[in-house]
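Counting in the numbering used here, the final residue of the sequence shown is number 158, and the numbers go up one at a time with none missing.
Beta carbons are placed, not taken as given, at the ideal position from N, Cα and C, and that holds for glycine.
Reading through the structure tokens given below for one structure.
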Amino acid sequence: MFQKGWDRHLHAKPVVLVLVGSDLAMMERLNDADRALHQRGTEMLVHALNPRETGQIVGAATAADAFDAHLLTGGLPLICDEWAPGVSMWEFLHDALSEPTSALIVSAERSLRAEFPTEAQAQLILGEIGSGAVTFTTISRAGGGLTHAAVARGV
């Protein structure tokens, strides 16, 4: 339906369609031969902010604070935008982790889903590592008896 509408009505009009996504594999699939946008678009990679830009957005007082903010946010503007100027890294982290719909939490969850298949149980395994489990045996036990192979797949 989209392809027909584009070919019949929109291709000759001054229309710009911008599709933005962080899942690179999914974005590349939009241009596959069997997809409606095949050979109709121009791929463009938009990079994350650099540490200086991140520091400017979050109001970092020093270069070290800007670098810490960049490491924490990944230079993603949506996460940086939630960082109120003058708030310390630890205050921001506490607030962001306390809110399940914060950009930090949502971005992390989406990254996990995009990078790891469900059967890898990456969220469970990373949660156990974050709680202090560091060996295959302790991660497996803490994760409810995961097999060695499941833990290896998830890390």
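Nearest to R55 by alpha-carbon distance, out of A69, S101 and L48, is A69. H12 carries a helical assignment under DSSP once its states are collapsed to helix, strand and coil. Of the residues V49, H14 and W9, the one whose Cα lies closest to the Cα of G24 is V49. Counting C-beta pairs with one atom in each stretch, the region 104-121 and the region 66-86 have three or more that are closer than 8 angstroms, which means they touch. In the assembly as shown, W86 is a buried residue. Its beta-carbon has 16 or more other beta-carbons within 10 Å. Annotated three-state conformation of A64 is coil, per DSSP. Looking from the CA of A51, the closest CA among Q59, G78 and R32 belongs to G78. With a 10 Å radius around the Cβ and a threshold of 16 neighbouring Cβ atoms, V61 comes out buried.
For F95, the enclosing alpha helix (DSSP H) starts and ends at M92 to S101. M47 sits away from L75, with the two beta carbons spaced by 8 angstroms or more.
In the DSSP assignment, D35 falls outside any alpha helix (DSSP H), carrying neither H nor E. Taking C-beta atoms as the reference points, L115 and Q126 count as a pair closer than 8 angstroms.
A straight line joining the alpha-carbon of W9 with that of N53 spans about 37 angstroms. In this structure, DSSP gives E118 a helical state, which the three-state scheme calls helix. Taking C-beta atoms as the reference points, T57 and A72 count as a pair closer than 8 angstroms.
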